[in-house]
Amino acid sequence: MQINSNIYTAKVMHHRLAPKKHSFWYSVYMFYIDLDELDLLAKKLHWFSRNKFNLFSFRDAEHLQLPKENPDQNKNTRQHVEAYLKENGVDGSRLKIKLLTNLNVLGYNFNPVSFYYCFDEKENPVCCVAEISNTYREMKLFFFGKEELHGDTFKKITTKYFYVSPFIDHDDSFDFKLKVPDNKLDIKIDDIDKHGNRFFISTLIGEKKPLTNAALLRCFFSIPLIPLQIMGMIHWQALKLWIKKIPFHPKAKNPELQRNVYKPYKPQVK
1451 MQINSNIYTA KVMHHRLAPK KHSFWYSVYM FYIDLDELDL LAKKLHWFSR
1501 NKFNLFSFRD AEHLQLPKEN PDQNKNTRQH VEAYLKENGV DGSRLKIKLL
1551 TNLNVLGYNF NPVSFYYCFD EKENPVCCVA EISNTYREMK LFFFGKEELH
1601 GDTFKKITTK YFYVSPFIDH DDSFDFKLKV PDNKLDIKID DIDKHGNRFF
1651 ISTLIGEKKP LTNAALLRCF FSIPLIPLQI MGMIHWQALK LWIKKIPFHP
1701 KAKNPELQRN VYKPYKPQVK
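Plus 1450 on top of the position in the sequence shown (first one is 1) and you've got the working numbering.
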């Protein structure tokens, strides 16, 4: 049976334009998983499991879960995505849903952003959902319908209302340009301030590779423990921004500007 899922080897670039310039890039790999293939992949790939420990694993609980206040743990990721699509006026029951994401590596994961691309029976893109997470493991969803689809790219400018970085205001805007993955991966998410100025540019550019046992091993040894490296890179770059005296915005500041957050962080009270 042919596998529809694959891997993208890619590079991430961040370029801050203001108030001071700061740029960096690093290599990554991401998985483009057909949600209907998860169990098949677990059977065919020695180094991949679903909801079990392995070199690479997919855990349903780490992604979108509904209802937001009391998630149904008995439903899988596809069922939760279908429920979210229904809330946004889309019947997802017959759609193919492919998730661009990072997997657990030796039981650890961190996904700054994942994308659900949804297709009809003729492989035409119907809608997309961006699933953005911060280092507190909070999650914010952004929906893109057909009205945001321009050619093969979903485009939208929308206010974040979410804490992503202490060096970006909660109510600045995202400018999404999400090209439907094919042989190439091309995703751009910029930040625009409240005066309409584009001050932060981010890109994810990659190439499609087959998802095989050998490919999984190559990925692991090329960038071991990639989720830890991503988390470490975030904090290392944050330190550099702090040294450059970029304005700092505490997470607790203006909590009313953090809206529709999934899996909200709840600090322990001693």
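Backbone N, C-alpha and C define an ideal beta-carbon position, used for all residues, glycine too.
Small disclaimer: the values here were computed from a predicted structure and weren't measured.
Where do the ends of the alpha helix (DSSP H) carrying residue i lie?
i	result
G1542	Run containing G1542: none; DSSP gives neither H nor E here.
I1693	I1676 to I1693
F1624	Unbroken run through F1624 is the beta strand (DSSP E), S1623 to K1629; no alpha helix (DSSP H).
R1668	N1663 to S1672
By alpha-carbon positions, which one of the options ends up nearest to residue i?
i	options	result
F1612	T1603, L1661 and P1562	P1562
L1635	L1495, T1551 and F1503	T1551
S1473	W1686, V1531, F1698 and H1699	W1686
Y1458	L1516, D1632, R1587 and F1592	D1632
E1581	D1489, E1512 and P1469	E1512
L1707	S1623, I1696 and P1677	S1623
S1652	H1464, W1692, S1455 and R1709	H1464
K1627	F1592, W1475, V1614 and L1661	F1592
E1532	K1502, N1538, G1542 and Q1523	G1542
N1538	C1568, G1595, F1650 and P1616	G1595
G1646	S1455, N1456 and A1468	A1468
I1618	M1681, W1692 and F1569	W1692
L1488	V1478, K1548, Y1534 and L1535	K1548
L1599	L1505, K1502 and C1577	C1577
N1454	I1483, Y1479 and T1608	I1483
V1540	L1556, E1597, L1505 and N1524	E1597
K1701	V1614, H1530 and L1667	V1614
H1495	P1660, Y1479, K1518 and G1601	The question names His, but residue 1495 is Leu in the sequence shown. Minimum Cα distance to L1495 is reached at P1660.
L1667	R1500, L1505, K1493 and N1501	L1505
Determine the extent of the beta strand (DSSP E) in which residue i is found, giving its start and end residues.
i	result
N1456	N1456 to R1466
D1643	Element bounds for D1643: n/a, residue is neither H nor E.
K1494	Looking at the DSSP string, K1494 is not in any beta strand (DSSP E); the run it does join, the alpha helix (DSSP H), is L1488 to K1494.
L1654	R1648 to P1660
F1594	M1589 to F1594
S1473	H1472 to D1484
F1604	T1603 to T1609
Using the beta-carbon count (16 or more within 10 Å), is residue i buried or exposed?
i	result
A1664	exposed
A1460	buried
G1656	buried
K1703	exposed
Q1452	exposed
L1689	exposed
K1720	Since pLDDT at K1720 reaches only 44, below the 50 mark, its modelled position is unreliable, and the value read off the structure follows with that caveat. With fewer than 16 other Cβ atoms within 10 Å, it is exposed.
Q1515	buried
K1629	buried
L1675	exposed
P1714	exposed
H1620	buried
S1477	exposed
F1503	exposed
S1672	exposed
R1544	exposed
P1677	buried
R1466	buried
According to the Cβ coordinates, are residue i and residue j closer than 7 Å?
i	j	result
E1588	V1462	no
D1640	D1625	yes
Y1558	V1579	no
L1491	F1481	no
N1554	S1583	no
F1698	P1616	yes
F1569	K1606	no
Q1560	M1681	Going by the sequence as given, residue 1560 is Phe instead of Gln. Yes, these two residues count as a Cβ contact at 7 Å.
K1470	K1694	yes
K1658	N1456	yes
L1556	R1528	no
Consider the C-beta atom of residue i and the heavy atoms of the ligand ATP; say whether any pair is separated by less than 6 Å.
i	result
P1521	Of ligands this structure carries none, so the ligand ATP is not represented either.
Restricting to runs no shorter than 3 residues, where is the beta strand (DSSP E) found entirely within the region 1497-1575? 1498-1500, 1506-1508, 1546-1551 and 1563-1569
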